[in-house]
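Q: Keeping their order, the protein sequence lines are chains A and B.
So in the numbering used here, spot 77 of the first sequence is number 77, and the numbers just go up one at a time.
Heads up: take any position in the second sequence, counting from 1, add 1000, and you land on the numbering used here.
2 protein chains.
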Amino acid sequence: MKLLLGSRNPGKLREICEILREVPSLELLTWEEVAFSAVEETADSFLENAQLKARRICEETGLPVLAEDSGLEVEALGGRPGVRSARFAHEGATDEENIRLLLRMLEGADDRDRRARFRAVAVVRFPDGKELVGEGELRGRIAREPRGHSGFGYDPVFIPEGFDRTLAELGPAIKNEISHRRRALEQIKRQLLELLEKG
Amino acid sequence: MKLLLGSRNPGKLREICEILREVPSLELLTWEEVAFSAVEETADSFLENAQLKARRICEETGLPVLAEDSGLEVEALGGRPGVRSARFAHEGATDEENIRLLLRMLEGADDRDRRARFRAVAVVRFPDGKELVGEGELRGRIAREPRGHSGFGYDPVFIPEGFDRTLAELGPAIKNEISHRRRALEQIKRQLLELLEKG
Chain A
1 MKLLLGSRNP GKLREICEIL REVPSLELLT WEEVAFSAVE ETADSFLENA QLKARRICEE
61 TGLPVLAEDS GLEVEALGGR PGVRSARFAH EGATDEENIR LLLRMLEGAD DRDRRARFRA
121 VAVVRFPDGK ELVGEGELRG RIAREPRGHS GFGYDPVFIP EGFDRTLAEL GPAIKNEISH
181 RRRALEQIKR QLLELLEKG
Chain B
1001 MKLLLGSRNP GKLREICEIL REVPSLELLT WEEVAFSAVE ETADSFLENA QLKARRICEE
1061 TGLPVLAEDS GLEVEALGGR PGVRSARFAH EGATDEENIR LLLRMLEGAD DRDRRARFRA
1121 VAVVRFPDGK ELVGEGELRG RIAREPRGHS GFGYDPVFIP EGFDRTLAEL GPAIKNEISH
1181 RRRALEQIKR QLLELLEKG
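Dropping the structure here:
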């Protein structure tokens, strides 16, 4: 079965491929093989944004599409940056700009107020209207300053529960084991395997 | 279209009916009209539990089924009681027992450590395998002691953001406006309307 990945973010694409390549008879396609238009993430929940992207791109290409939306929720900020994680500082912001703004907003905040979680929702949409949904989260806290160079987004300032290093210090092997995206994709993987078994 | 509500909780059924009765040509059925077996909520996420229930009951009855799972996540407790909200004190616990345990665990905790959110995930499963998913959350904090008599579950100790009274004091009209379940069901409603329009 062909599955088009509805993301252009190279960091996300790498993580998705590493997890879903374990599904036999699944042929992963990216925007490099099948072009699709950009979809604006206008909704205010991860689920609705993922559904929006998967539905639009599926309609446009006629292929089964996997889309995900994910982000960071800081409890002391009332769940921000949330769905605006990638454009927290401003539209088109770099990871560095977003991180700088986040650290400034948490200046003086103690560990309790630095509690945060990553959330991911993944949706697979099929041309016949069928949908699969998976979700995952990773709890942790926001570090005082960026550390480490692996990963992307807020990884340099996110310390997962049970660790004392940031995701960017822990590296891809550990991140892919514990990440919110992994959990969401594992749920998708199980549902895909079920579907493929049924033929 | 017939839609079987996959819950036996009278509080939830009332809330669901109040929201979904606005959908024209939707005939809501409950366990009193169509019997189904109890489904154990064995998964560790709201989404997976809601999917589990909707799929099993749909398989058993051959009808489109709406199931939801919801609960309370307290940040300082690492997200507990979470999927165990209804059986936090023990299997088959009353609302009072669960609330008593929660207040004891938060004894001495200040407002920051009393931050919490209600989350709800609703799933509609159709006999052809199609699924709709909606989710919602309501942020707030845990009160020092129970107040008010409306609602159910943790409503007497949950103070929504922007209010200074508990959900149980605010009453059903306000709760149904702002609740996590309402948001999840609104998303389901929109998708049902789309489906029904297409015929």
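C-beta: ideal position from N, C-alpha, C; glycine also.
Model, not experiment: these values are computed from the prediction.
1) First and last residue of the alpha helix (DSSP H) that includes G134(A)?
2) Which residues share a DSSP beta bridge with P1146(B)?
3) For S37(A), decide whether its Cβ has a neighbour in chain B, counting only Cβ atoms nearer than 8 Å.
4) Answer with yes or no whether the minimum CB distance from V1124(B) to chain A is below 8 Å.
5) Would you say K1189(B) lies against chain C (beta-carbon separation less than 8 Å)?
6) Taking the C-alpha atoms as reference points, what is the distance between L26(A) and E1135(B)?
7) Please name the residues in the region 1031-1065 of chain B whose beta-carbon is closer than 7 Å to at least one beta-carbon of chain A, in chain order.
8) If contact means a Cβ-Cβ distance below 9 Å, which residues of the region 1134-1168 of chain B contact chain A?
9) Assuming C58(A) contacts R8(A) under a Cβ cut-off of 8 Å, what Cβ separation, rounded to an integer in Å, is found between them?
10) So, do the region 58-70 of chain A and the region 1102-1119 of chain B have three or more beta carbon pairs nearer to each other than 8 Å?
11) Please give me, in chain order, every unbroken run of the alpha helix (DSSP H) with length at least 4 that falls completely inside the region 1064-1139 of chain B.
12) Show which residues of chain B have a CB atom less than 8 Å away from the CB atom of D113(A).
13) Could you tell me whether any Cβ in chain B is nearer than 8 Å to the Cβ of G79(A)?
14) Verify whether the separation of the beta carbon atoms of A1116(B) and L1072(B) is less than 8 Å.
15) Beta strand (DSSP E) containing E1032(B): first to last residue?
16) Considering only the alpha carbon of each residue, which of G171(A), I142(A) and A93(A) lies closest to E75(A)?
17) If you draw a straight line from the alpha carbon of D111(A) to that of R1112(B), how long is it in whole angstroms?
18) Taking E1033(B) as the reference, give the member of N1049(B), A1043(B) and K1002(B) with the closest Cα.
19) State the start and end residues of the unbroken alpha helix (DSSP H) segment that holds F158(A).
20) Are any of the Cβ atoms in chain A nearer than 8 Å to that of G1108(B)?
21) Tell me whether the beta-carbon of H90(A) lies closer than 8 Å to the beta-carbon of L138(A).
22) Hey, how far is the Cα of L4(A) from the Cα of P127(A)?
23) Which word fits P1024(B), buried or exposed, when buried means at least 16 other C-beta atoms lie within 10 angstroms of its C-beta?
24) Need the endpoints of the alpha helix (DSSP H) that R1055(B) sits in, please.
25) Hey, would you say G140(A) sits closer than 8 Å to P160(A), going by beta carbons?
26) Excluding the five sequence neighbours on either side, which residues of its own chain have a C-beta within less than 8 Å of the C-beta of L1029(B), listed in chain order?
27) At a CB-CB cut-off below 8 Å, which residues of chain B make contact with E75(A)?
28) In whole angstroms, what is the alpha-carbon distance linking L52(A) and G1151(B)?
29) In angstroms with no decimal places, state the Cα-to-Cα distance between R87(A) and A1038(B).
30) I'd like to know if E131(A) contacts chain B, where contact means its C-beta is closer than 8 Å to some C-beta of that chain.
31) Closer than 8 Å by C-beta to V83(A): which residues in its own chain qualify, once you throw out the five before and the five after it? Chain order, please.
32) List the DSSP bridge partners of K1175(B).
33) Using the C-alpha atoms, what's the distance from V1123(B) back to E1145(B)?
34) Is the beta carbon of K1189(B) less than 8 Å from the beta carbon of L1020(B)?
A: Here's the rundown:
1) Taking the first sequence and counting its residues from 1, one reaches residue 134(A) at position 134. First-last for G134(A): E131 to I142, but that is the beta strand (DSSP E), not the alpha helix (DSSP H).
2) Position 146 of the second sequence, counting from 1, holds the residue named residue 1146(B). According to DSSP, residue pairing for P1146(B) in a beta bridge does not occur.
3) Taking the first residue of the first sequence as 1, we reach residue 37(A) at position 37. S37(A) does not count as touching chain B.
4) On the second sequence, position 124 is the one that residue 1124(B) refers to. Not an interface residue.
5) This model lacks chain C altogether, as its protein chains are A and B.
6) Numbered from 1 along the first sequence, position 26 holds the residue referred to as residue 26(A). Numbered from 1 along the second sequence, position 135 holds the residue referred to as residue 1135(B). For L26(A) and E1135(B), the distance between alpha carbons rounds to 29 Å.
7) Per Cβ criterion, the list reads S1045, L1047 and E1048.
8) So the close ones are G1134, E1135, G1136, E1137, R1139 and E1161.
9) Walking along the first sequence from the start, residue 58(A) turns up at place 58. Walking along the first sequence from the start, residue 8(A) turns up at place 8. That pair is no contact at about 16 Å.
10) By the Cβ rule, the region 58-70 of chain A does not count as touching the region 1102-1119 of chain B, because fewer than three pairs are nearer than 8 Å.
11) Here the runs fully enclosed are 1095-1105.
12) Along the first sequence, one-based indexing puts residue 113(A) at 113. Simply R1112.
13) As a first step, residue 79(A) must be located in the first sequence, where it is residue number 79. So, interface residue.
14) Here residue 1116(B) refers to the residue found at position 116 when the second sequence is read from its first residue. Here residue 1072(B) refers to the residue found at position 72 when the second sequence is read from its first residue. Going by beta carbons, A1116(B) and L1072(B) fall inside the 8 Å limit.
15) If you number the second sequence from 1, residue 1032(B) lands on position 32. Premise fails: E1032(B) is in no beta strand (DSSP E) and is neither H nor E.
16) For the purposes of this step, residue 75(A) is taken as the residue at position 75 of the first sequence. The shortest C-alpha separation from E75(A) is found at I142(A).
17) Looking up residue 111(A) in the first sequence gives position 111. Looking up residue 1112(B) in the second sequence gives position 112. Rounded to the nearest angstrom, the two C-alpha atoms are 11 Å apart.
18) Here the question's residue 1033(B) lines up with position 33 in the second sequence. The candidate whose alpha carbon is nearest that of E1033(B) is K1002(B).
19) Walking along the first sequence from the start, residue 158(A) turns up at place 158. Per DSSP, F158(A) lies in no alpha helix (DSSP H) segment; the continuous beta strand (DSSP E) that holds it begins and ends at F158 to P160.
20) If you number the second sequence from 1, residue 1108(B) lands on position 108. Not an interface residue.
21) By one-based count along the first sequence, residue 90(A) stands at place 90. By one-based count along the first sequence, residue 138(A) stands at place 138. In this structure, the beta-carbon distance from H90(A) to L138(A) does not fall below 8 Å.
22) For the purposes of this step, residue 4(A) is taken as the residue at position 4 of the first sequence. For the purposes of this step, residue 127(A) is taken as the residue at position 127 of the first sequence. Looking at the two C-alpha atoms, the distance is approximately 12 Å.
23) Here the question's residue 1024(B) lines up with position 24 in the second sequence. When all chains shown are included, P1024(B) counts as exposed.
24) For the purposes of this step, residue 1055(B) is taken as the residue at position 55 of the second sequence. Following the DSSP letters along the chain, one finds R1055(B) inside the alpha helix (DSSP H) bounded by residues F1046 to T1061.
25) The residue given as residue 140(A) occupies position 140 in the first sequence. The residue given as residue 160(A) occupies position 160 in the first sequence. Yes, these two residues count as a Cβ contact at 8 Å.
26) Here the question's residue 1029(B) lines up with position 29 in the second sequence. Sequence-distant partners of L1029(B) (beyond 5 residues in either direction) whose C-beta falls short of 8 Å from its own C-beta, in its chain, are K1002, L1003, L1004, L1005 and L1063.
27) Looking up residue 75(A) in the first sequence gives position 75. Think of a sphere of 8 Å around the beta carbon of E75(A): the chain B residues whose beta carbon falls inside it are E1075 and R1115, in chain order.
28) Taking the first sequence and counting its residues from 1, the one referred to as residue 52(A) is at position 52. Taking the second sequence and counting its residues from 1, the one referred to as residue 1151(B) is at position 151. If I take the Cα positions, the gap works out to 33 Å.
29) The sequence position of residue 87(A) within the first sequence is 87, counting from 1. The sequence position of residue 1038(B) within the second sequence is 38, counting from 1. Distance between the alpha carbons of R87(A) and A1038(B): 44 Å.
30) The residue you call residue 131(A) lines up with position 131 of the first sequence. At least one chain B Cβ lies under 8 Å of E131(A).
31) Here residue 83(A) corresponds to residue number 83 of the first sequence, with the count starting at 1. Closer than 8 Å at Cβ, skipping near neighbours: E41, A43, D44, S45, F46, N49, D69 and G71.
32) By 1-based counting over the second sequence, the position of residue 1175(B) is 175. Note: K1175(B) is not bridge-paired with any residue in the DSSP secondary-structure output.
33) The sequence position of residue 1145(B) within the second sequence is 145, counting from 1. The sequence position of residue 1123(B) within the second sequence is 123, counting from 1. Those two C-alpha atoms are separated by around 33 Å.
34) Along the second sequence, read from residue 1 onward, the residue named residue 1189(B) stands at position 189. Along the second sequence, read from residue 1 onward, the residue named residue 1020(B) stands at position 20. Closer than 8 Å, so yes.
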